[in-house]
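Single-structure report; data block below.
Number of protein chains: 4
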Amino acid sequence: MYLLIDEKGREYLVKGVSDVHTNYGVITVEKLRKENVGKTIESHTGRRFFLLKPEILDFIKKAKRGPQAITLKDCALIVGYAGIHSGSKVVDAGTGSGILAMFLANIVNPEKVVTYEIREDFAGIARENFKKANLKNIKIKSKNIYDGIDERNLDLITLDLPEPWMVVEHANKALKVGGFLVSYSPSIEQSKKFYNALNGFRSETVECLLRNWDMGVVRPYSRMLGHTGFLTFARLIEK
Amino acid sequence: MYLLIDEKGREYLVKGVSDVHTNYGVITVEKLRKENVGKTIESHTGRRFFLLKPEILDFIKKAKRGPQAITLKDCALIVGYAGIHSGSKVVDAGTGSGILAMFLANIVNPEKVVTYEIREDFAGIARENFKKANLKNIKIKSKNIYDGIDERNLDLITLDLPEPWMVVEHANKALKVGGFLVSYSPSIEQSKKFYNALNGFRSETVECLLRNWDMGVVRPYSRMLGHTGFLTFARLIEK
Amino acid sequence: MYLLIDEKGREYLVKGVSDVHTNYGVITVEKLRKENVGKTIESHTGRRFFLLKPEILDFIKKAKRGPQAITLKDCALIVGYAGIHSGSKVVDAGTGSGILAMFLANIVNPEKVVTYEIREDFAGIARENFKKANLKNIKIKSKNIYDGIDERNLDLITLDLPEPWMVVEHANKALKVGGFLVSYSPSIEQSKKFYNALNGFRSETVECLLRNWDMGVVRPYSRMLGHTGFLTFARLIEK
Amino acid sequence: MYLLIDEKGREYLVKGVSDVHTNYGVITVEKLRKENVGKTIESHTGRRFFLLKPEILDFIKKAKRGPQAITLKDCALIVGYAGIHSGSKVVDAGTGSGILAMFLANIVNPEKVVTYEIREDFAGIARENFKKANLKNIKIKSKNIYDGIDERNLDLITLDLPEPWMVVEHANKALKVGGFLVSYSPSIEQSKKFYNALNGFRSETVECLLRNWDMGVVRPYSRMLGHTGFLTFARLIEK
Chain A
5 MYLLIDEKGR EYLVKGVSDV HTNYGVITVE KLRKENVGKT IESHTGRRFF
55 LLKPEILDFI KKAKRGPQAI TLKDCALIVG YAGIHSGSKV VDAGTGSGIL
105 AMFLANIVNP EKVVTYEIRE DFAGIARENF KKANLKNIKI KSKNIYDGID
155 ERNLDLITLD LPEPWMVVEH ANKALKVGGF LVSYSPSIEQ SKKFYNALNG
205 FRSETVECLL RNWDMGVVRP YSRMLGHTGF LTFARLIEK
Chain B
5 MYLLIDEKGR EYLVKGVSDV HTNYGVITVE KLRKENVGKT IESHTGRRFF
55 LLKPEILDFI KKAKRGPQAI TLKDCALIVG YAGIHSGSKV VDAGTGSGIL
105 AMFLANIVNP EKVVTYEIRE DFAGIARENF KKANLKNIKI KSKNIYDGID
155 ERNLDLITLD LPEPWMVVEH ANKALKVGGF LVSYSPSIEQ SKKFYNALNG
205 FRSETVECLL RNWDMGVVRP YSRMLGHTGF LTFARLIEK
Chain C
5 MYLLIDEKGR EYLVKGVSDV HTNYGVITVE KLRKENVGKT IESHTGRRFF
55 LLKPEILDFI KKAKRGPQAI TLKDCALIVG YAGIHSGSKV VDAGTGSGIL
105 AMFLANIVNP EKVVTYEIRE DFAGIARENF KKANLKNIKI KSKNIYDGID
155 ERNLDLITLD LPEPWMVVEH ANKALKVGGF LVSYSPSIEQ SKKFYNALNG
205 FRSETVECLL RNWDMGVVRP YSRMLGHTGF LTFARLIEK
Chain D
5 MYLLIDEKGR EYLVKGVSDV HTNYGVITVE KLRKENVGKT IESHTGRRFF
55 LLKPEILDFI KKAKRGPQAI TLKDCALIVG YAGIHSGSKV VDAGTGSGIL
105 AMFLANIVNP EKVVTYEIRE DFAGIARENF KKANLKNIKI KSKNIYDGID
155 ERNLDLITLD LPEPWMVVEH ANKALKVGGF LVSYSPSIEQ SKKFYNALNG
205 FRSETVECLL RNWDMGVVRP YSRMLGHTGF LTFARLIEK
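Residue numbers (the numbering used here), protein chains in the order written: chain A, 5 to 243; chain B, 5 to 243; chain C, 5 to 243; chain D, 5 to 243.
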């Protein structure tokens with residue numbers, strides 16, 4: 005796999021098995037294979053492209069995703085505030101397009117992430133994303149997490165579900181003491197119901213606003229994502 | 005080490021070698037050692053405390069720090085946007101109280117984080133923080149990073165320094181292609197100078213506002229950290 | 005009345021009937037009366053003070069207020085989004101310390117603002133604030149607005165009350181078509197209940213985050229008010 | 005003039021001299037003239053429209069504007085933080101499409117707003133906007149404010165200009181003591197230069213983030229204006 009970046013910063017993730025057609029002309033597969041990372045390649049119209057070797061992060065950013073897929077900032081906060089790392093035991097539900105599972109898998113590796121998804125169409129999209137990124141430490145489980153969690157002694161359970169409160173009791177059994185149950189909800193009413201259902205947990209609910217700056221003129225960009233979701237971090241403190 | 009949480013959510017990180025004196029009375033060391041995590045202990049005044057086993061995250065949160073130490077949200081974004089993971093090669097400067105180095109070390113383990121610090125007083129505080137957290141994969145280097153970086157083929161260099169632009173050329177040599185140079189600056193003028201000095205990099209500058217919600221009355225808290233620092237993520241794309 | 009500003013920007017609103025005792029020494033009443041606005045006065049310790057003639061704005065900023073009194077930014081948004089001006093007919097409830105009534109009165113003058121308050125202690129504080137500011141076009145009514153609104157053909161009704169939904173039907177009768185009912189609530193749950201009760205209105209709910217910048221180092225201040233209240237602007241479109 | 009609002013909340017400002025063609029069908033001019041405000045009219049396809057009498061606010065919202073025209077929230081803050089009201093003496097520059105001048109004129113009426121504009125094309129657009137809104141208390145002056153301000157004893161000068169620092173000395177003469185010079189700049193570098201040029205002023209720089217909530221699902225909308233401009237409020241305290 006190759007990562008090409010054009011002069012405008014647009015990124016192209018390509019396999020290198022055929023010619024690449026871009027907004028700025030064609031790059032032949034021969035050229036691509038011959039060149040080294042860190043060098044520039046020219047398209048047939050003479051436009052420059054930077055050549056990189058893609059990392060997991062690039063696969064996550066380029067993964068096929070639904071309109072409501074969790075953003076990178078929220079993935080990052082989950083890892084940071086739950087304190088997970090290589091070896092942490094994590095369950096994720098629902099899988100959706102698998103963005104969060106990929107992010108978590110990259111951190112906990114070589115430990116496996118188990119991700120619950122009942123919709124086979126979503127599981128299919130996720131499986132494709134995992135494959136492209138060559139991530140092997142994710143297991144998709146075709147089970148409704150509202151019915152229970154099979155795993156035990158977990159460090160983290162992440163929920164991106166319409167009724168996260170249905171998982172609280174199961175999480176109580178599945179988490180180790182000190183582990184985190186994290187719910188991501190677009191609506192504050194969902195977060196409130198989840199909060200009300202927590203028992204044996206200490207929780208904190210946050211939202212993260214990320215603002216990008218145009219450093220040419222030194223001002224924030226006009227366009228901004230005003231909201232993604234509320235994150236509730238619930239730590240199991242009693243069992 | 006033990007982590008005690010009182011009824012108000014206040015946390016106490018204790019060694020368990022002597023009695024613990026809290027706002028809510030005394031907990032004897034005998035009681036502490038006898039009890040299991042996930043259970044509650046009573047102080048001599050009858051107040052309840054939850055008993056947990058501290059994780060790295062708890063040591064980071066409780067580490068001795070200066071007033072300007074980087075916050076957890078910014079640490080999390082650095083890891084998320086630079087895509088690092090177990091095995092990533094990271095250099096950090098300056099160490100300060102060591103918060104970011106601890107956070108990074110927890111992620112890249114078993115790989116070592118190298119952190120540059122010229123002030124021996126800061127290095128001392130950091131060393132103490134690392135020891136308490138039992139983090140062994142951090143190496144403090146007593147060298148000014150403005151004079152050069154010894155390491156090569158790095159995935160990430162993090163800067164929390166007054167003149168980050170002094171490091172750009174060194175980073176060019178030390179980073180692998182596709183690696184990240186991340187600078188954290190309180191002032192947008194510093195960020196602008198850093199941005200102007202970048203050569204061979206593709207960059208993005210962001211700031212993160214984190215808002216905590218009081219879920220009892222369903223409103224954000226009045227008190228909020230209005231600013232910590234601007235984060236510039238510069239990816240080396242040409243070498 | 006005189007407005008004194010010291011070197012740190014602290015403001016003192018004084019009557020000029022006795023000596024002024026400040027953090028930076030004493031200014032005698034004789035000195036005060038002799039000097040012209042736009043000039044500086046020295047305290048007995050030689051510190052400089054700027055002398056100004058206070059405006060309504062200064063009286064509003066210096067008014068006696070409770071901890072939850074509405075902020076200037078929210079007052080400003082109400083005036084701006086409801087489009088009121090000299091001559092607009094406005095009812096306000098509850099008065100509280102009278103901050104919003106003062107702000108509105110300054111805009112609609114010479115028209116009168118009618119403000120409803122059932123607690124005589126609050127009315128007393130408000131009356132004192134109005135008197136100090138020499139604002140004569142505010143009438144405090146000792147009546148519960150949940151029981152009805154006496155005025156008709158209003159341009160604006162402002163609510164800073166725990167149960168704003170109790171006023172919707174009364175507002176329907178009291179407002180002219182095109183007029184605004186604006187509710188200010190700290191909790192989003194209150195805003196939701198108010199929103200649900202609206203009938204015959206078109207509404208929009210907003211929150212305003214104001215960030216102050218330290219222009220010396222060109223960065224936002226760390227301290228920020230993370231929340232004051234949610235503002236719902238409901239315009240009567242059907243009658 | 006008539007204001008029509010369709011079922012989706014879209015607003016149509018019409019003169020009532022010809023039939024109205026909307027996304028939801030045609031409303032004949034006869035129907036329009038016969039109906040009373042606060043009533044609904046049906047289009048020829050049977051869709052309902054609410055009929056209102058437009059206020060100045062509606063004309064401001066519907067005024068012809070450039071892409072960078074100042075927003076309502078910033079207009080509102082200027083009025084609020086400068087404390088102006090009916091009778092305040094205000095100079096505005098540059099006029100642009102006249103949005104801020106309209107907003108100010110609505111507040112200071114019957115006093116006149118003087119607005120400086122050197123580009124005749126902008127003045128033409130502004131003149132048209134003022135005429136539509138039937139605002140008669142605005143005078144457009146074809147003069148470069150960098151060359152001086154003719155008016156004296158002003159309460160407020162508002163600047164929406166690329167080089168606001170060029171106006172500071174003129175403002176010193178034109179403002180009364182206690183009056184405000186307010187600059188609106190998209191870039192923080194412009195704000196910094198303006199701040200550095202201030203002499204005899206006490207200033208504060210703010211930015212306002214306004215977040216709209218979708219009260220159906222009780223969450224902020226995803227789309228948000230991440231930035232409009234930085235507002236510097238400089239009060240003349242020494243003369």
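The beta carbon of each residue, even a glycine, is placed where N, CA and C say it ideally should be.
- Nearest to THR162 (chain C) by alpha-carbon distance, out of C:SER189, C:TYR225, C:ASP23, C:VAL95, is C:VAL95.
- The residue among B:ALA238, B:LEU56, B:ARG223 with its C-alpha nearest the C-alpha of VAL18 (chain B) is B:LEU56.
- The DSSP-derived three-state label of LYS136 (chain C) is helix.
- For VAL41 (chain A), at least one C-beta of chain B is nearer than 7 Å to its own C-beta.
- In the pairwise beta carbon analysis, the region 159-175 of chain A is classified as touching the region 100-116 of chain A: at least three pairs are separated by under 8 Å.
- Here LEU202 (chain B) has VAL172, ALA238 as same chain residues with Cβ atoms under 7 Å from its own Cβ, once five neighbours each way along the sequence are excluded.
- For ARG215 (chain A) and SER22 (chain B), the gap between their C-alpha atoms comes out near 47 Å.
- Taken in chain order, the members of the region 78-107 of chain B whose beta-carbon sits within less than 7 Å of a beta-carbon on chain A are CYS79, ALA80, LEU81, VAL83, GLY84, TYR85, GLY87, HIS89, SER90.
- As the crow flies, the alpha-carbon of PRO224 (chain C) is around 56 Å from that of GLU34 (chain D).
- Nearest CB-CB separation between GLY220 (chain A) and chain D: not below the 7 Å threshold.
- Per DSSP, ASN110 (chain A) lies in no beta strand (DSSP E); the unbroken alpha helix (DSSP H) holding it starts and ends at 103-112.
- DSSP, read as helix, strand or coil, puts ASN216 (chain D) in strand.
- DSSP places LEU61 (chain B) inside the alpha helix (DSSP H), whose first and last residues are 60-66.
- DSSP lists D:PHE53 as the beta-bridge partner residues of ASP10 (chain D).
- Counting only runs that start and end inside the region 185-212 of chain A, the alpha helix (DSSP H) elements of at least 4 residues fall at 192-201.
- Residues LEU163, PRO168, PHE198, THR236 of the same chain have their beta carbon placed closer than 6 Å to that of SER187 (chain D), with the five preceding and five following residues left out of the count.
- Under the three-pair Cβ rule at 8 Å, the region 182-196 of chain C does not count as touching the region 134-154 of chain C.
- With 16 or more other Cβ atoms inside 10 Å of its own Cβ, VAL118 (chain C) counts as buried.
- Within a 10 Å sphere around the beta-carbon of GLY183 (chain B) sit 16 or more other beta-carbons, which makes this residue buried.
- The beta carbon of GLY70 (chain C) sits no closer than 7 Å to any beta carbon of chain B.
- DSSP lists A:TYR120 as the bridge partner or partners of LYS145 (chain A).
- In this chain, the beta strand (DSSP E) harbouring VAL95 (chain D) covers 94-97.
- Spatial neighbours of PHE54 (chain A) in its own chain (CB-CB distance under 6 Å, excluding positions within 5 residues in sequence) are listed in chain order as ILE9, THR44.
- With a threshold of 7 Å between beta carbons, TYR16 (chain A) makes no contact with chain D.
- Shown here, ILE241 (chain A) sits in coil according to DSSP, grouped into three states, outside any helix or strand.
- The bridge partners DSSP lists for VAL181 (chain C) come to none.
- The Cβ-Cβ distance between GLY84 (chain D) and LEU76 (chain C) falls below 7 Å.
- By the rule that beta-carbons nearer than 7 Å mark a contact, ASN110 (chain B) touches chain A.
- Contact between LYS116 (chain D) and ILE142 (chain D) holds: their C-beta atoms lie close to 7 Å from each other, under 8 Å.
- VAL210 (chain A) and TRP217 (chain B) have their C-alpha atoms spaced approximately 6 Å apart.
- By the C-beta density criterion, PRO166 (chain B) is exposed, having fewer than 16 other C-beta atoms within 10 angstroms.
- If the five residues before and after CYS79 (chain D) are omitted, its C-beta is found closer than 6 Å to the C-beta atoms of LEU104, PHE107, all from its own chain and listed in chain order.
- Interface annotation for the region 187-201 of chain A against chain D: PRO190, SER191, ILE192, GLU193, criterion Cβ-Cβ distance under 8 Å.
- Your pair GLU11 (chain D) and ARG51 (chain D) checks out as a contact, with CB atoms roughly 6 Å apart and the cut at 8 Å.
- With respect to chain D, the C-beta atom of PHE134 (chain C) has no partner C-beta closer than 7 Å.
- A Cβ-Cβ distance of about 12 Å is found for the pair LYS177 (chain A) and GLY42 (chain B), leaving them out of contact under the 8 Å criterion.
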